[in-house]
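Novice: Quick note, the sequence shown lines up with residues 0 to 256 if you use numbering that gives the first Met the number 0.
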Amino acid sequence: MSAIAMKDFLEAGVHFGHQTKRWNPKMKPFIFGERNGIYIIDLGRTAKLYKSAAAFITEITSQGGTVLFVGTKRQAQDAIAEESARCGMFYVNQRWLGGLLTNFATIQRSLARLKDLEAMETDGRYETITKKEVARVEKERRKLAKNLDGIRGMNRLPDAVFVIDTKHEQIAVDEARKLKIPVIGVVDTNCDPDQVDYVIPGNDDALRSIRLLAAGIADACLAGRGIAEATQAAEIAEAKAARAAKTKEADAPAAAN
0 MSAIAMKDFL EAGVHFGHQT KRWNPKMKPF IFGERNGIYI IDLGRTAKLY KSAAAFITEI
60 TSQGGTVLFV GTKRQAQDAI AEESARCGMF YVNQRWLGGL LTNFATIQRS LARLKDLEAM
120 ETDGRYETIT KKEVARVEKE RRKLAKNLDG IRGMNRLPDA VFVIDTKHEQ IAVDEARKLK
180 IPVIGVVDTN CDPDQVDYVI PGNDDALRSI RLLAAGIADA CLAGRGIAEA TQAAEIAEAK
240 AARAAKTKEA DAPAAAN
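1. Taking 7 Å as the cut-off, is the C-beta of E10 nearer than that to any heavy atom in the ligand GTP?
2. Any contact of the region 67 to 77 with the region 19 to 34, i.e. 3+ C-beta pairs under 8 Å?
3. Quick one: what's L67 bridged to in DSSP?
4. For D41 versus I30, is the C-beta spacing smaller than 8 Å?
5. Please name the residue in V195, V185 and G201 whose C-alpha comes closest to that of K179.
6. What first and last residue would you give for the alpha helix (DSSP H) that runs through E10?
7. Please state whether DSSP places Q194 in a helix, a strand or coil.
8. Roughly how many angstroms separate the alpha carbons of Q74 and A205, rounded to a whole number?
9. I believe F103 touches L156 by the beta-carbon criterion, under 8 Å. Please report the beta-carbon distance rounded to the nearest angstrom.
10. Mind checking which residues open and close the alpha helix (DSSP H) that includes I56?
11. Taking C-alpha atoms, which residue in V172, S83, H17 and G63 lies nearest to T230?
12. If the criterion is Cβ atoms closer than 8 Å, does the pair V198 and L48 meet it?
13. Can you list, in chain order, the residues of its chain with a C-beta nearer than 8 Å to that of A238? Leave out the 5 residues immediately preceding and following it.
14. Could you pull out every unbroken alpha helix (DSSP H) segment of at least 4 residues lying fully inside the region 180 to 255, listed in chain order?
15. DSSP state of G98, grouped into three classes?
16. Who are the Cβ neighbours of E174 in its own chain at under 6 Å, not counting the five residues just before and after it?
17. How should S1 be labelled, buried or exposed, when 16 other C-beta atoms within 10 angstroms of its C-beta is the threshold for buried?
18. According to DSSP, is R135 part of a helix, a strand, or is it coil?
19. Taking the CB atoms as reference points, tell me whether G215 and I59 lie closer together than 8 Å.
20. Smallest Cα separation from K27: which of V186, E248, T65 and D164?
21. By how many angstroms is the C-alpha of L96 removed from the C-alpha of G184?
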């Protein structure tokens, strides 16, 4: 289930924002109050907006859509990689490569290059080059793999982008907006909510908060994929039944004769 209980939001510290001196006034509608110089996020708003974001994610994935999970800062890297992998989606948790979305053709060429470099080790080409060249190839392969691992198999642009810390991932947000790809963002009190299509007001620094919200979005993806698979199975069964009925109809006159 993609639903998150209020107790879970509280225990994960989703309500803790940034220091009051580090805030974006546009976040005022999502702030409950202030405690010891820290803004407290209104979890009532968070729960409602998270529910809308999760419903949107389920809808697009139920239609075969894909989601790109983005979180490159240290606290987000593990959760982003693990939760996106769990739901069969794509991720970026290292450096965001400029043009990853807006110059996707170049990224596809880099992915093809990575695939070719990896094949060199098993197809015998390593044996035809010098040790120095092998070392150079390995260095290039490791660099490409580090930055591209999470988008292997992403043959087209994603249908949505889920971002942890929209301020930190400004380039990713800008590229998605330029291409009119919906952005779902965990938006802390220092971020600009106007840049996000589906705002999830919450702590974008604490490990538990990041994990909880990333897991919730992953669950929403899984729910959508489940619907897609059930729909496909029903369509296959319906087509099979139609073929059987047609065959029965065709056989009926022959049996009568």
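The C-beta atom is built at its ideal place from N, Cα and C for all residues, glycine as well.
Specialist: With the given structure in hand:
1. By its list of ligands, the structure shown contains no ligand whatsoever, and the ligand GTP lies outside what it can speak to.
2. Under the Cβ criterion (8 Å, minimum of three pairs), the region 67 to 77 does not count as touching the region 19 to 34.
3. One-based indexing of the sequence shown puts residue 67 at position 68. Beta bridge pairing from DSSP links L67 with F89 and V160.
4. Taking the sequence shown and counting its residues from 1, the one referred to as residue 41 is at position 42. Taking the sequence shown and counting its residues from 1, the one referred to as residue 30 is at position 31. Their beta carbons are under 8 Å apart, which means D41 touches I30 by this criterion.
5. Taking the sequence shown and counting its residues from 1, one reaches residue 179 at position 180. Measuring from the Cα of K179, the nearest candidate turns out to be V195.
6. By 1-based counting over the sequence shown, the position of residue 10 is 11. Its alpha helix (DSSP H) spans residues M5 to E10.
7. As a first step, residue 194 is located in the sequence shown; it is residue number 195 there, counting from the start. Taken through DSSP and simplified to helix, strand or coil, Q194 comes out as helix.
8. As a first step, residue 74 must be located in the sequence shown, where it is residue number 75. As a first step, residue 205 must be located in the sequence shown, where it is residue number 206. Distance between the alpha carbons of Q74 and A205: 7 Å.
9. Translated into positions along the sequence shown, residue 103 becomes position 104. Translated into positions along the sequence shown, residue 156 becomes position 157. At roughly 6 Å, the Cβ-Cβ gap stays under 8 Å, so F103 and L156 are in contact.
10. Locating residue 56 in the sequence shown gives position 57, where the first residue counts as 1. Run containing I56: L42 to S61, per the alpha helix (DSSP H) assignment.
11. For the purposes of this step, residue 230 is identified with residue 231 of the sequence shown, where counting begins at 1. When each option's Cα is compared against that of T230, the closest is G63.
12. Here residue 198 corresponds to residue number 199 of the sequence shown, with the count starting at 1. Here residue 48 corresponds to residue number 49 of the sequence shown, with the count starting at 1. Yes. Within cutoff.
13. The count along the sequence shown starts at 1 and reaches residue 238 at position 239. Taking C-beta separations shorter than 8 Å and ignoring five residues to either side along the sequence, A238 has no partners in its chain.
14. Fully enclosed alpha helix (DSSP H) runs of 4 or longer: 206 to 255.
15. Start at 1 with the first residue of the sequence shown, and residue 98 comes out as number 99. Note: G98 maps to coil in three-state DSSP.
16. The residue labelled residue 174 in the question sits at position 175 within the sequence shown. Residues of the same chain with a CB within less than 6 Å of the CB of E174, apart from the 5 flanking positions on each side, are L100 and T101 in chain order.
17. By 1-based counting over the sequence shown, the position of residue 1 is 2. Label assigned to S1: buried.
18. As a position in the sequence shown, residue 135 is number 136, starting the count at 1. Reduced to three states, the DSSP call for R135 is helix.
19. By 1-based counting over the sequence shown, the position of residue 215 is 216. By 1-based counting over the sequence shown, the position of residue 59 is 60. Not closer than 8 Å, so no.
20. The residue given as residue 27 occupies position 28 in the sequence shown. Ranked by Cα distance from K27, the options V186, E248, T65 and D164 are led by V186.
21. Taking the first residue of the sequence shown as position 1, residue 184 is located at position 185. Taking the first residue of the sequence shown as position 1, residue 96 is located at position 97. Taken atom to atom, the span from the alpha-carbon of G184 to that of L96 is near 19 Å.
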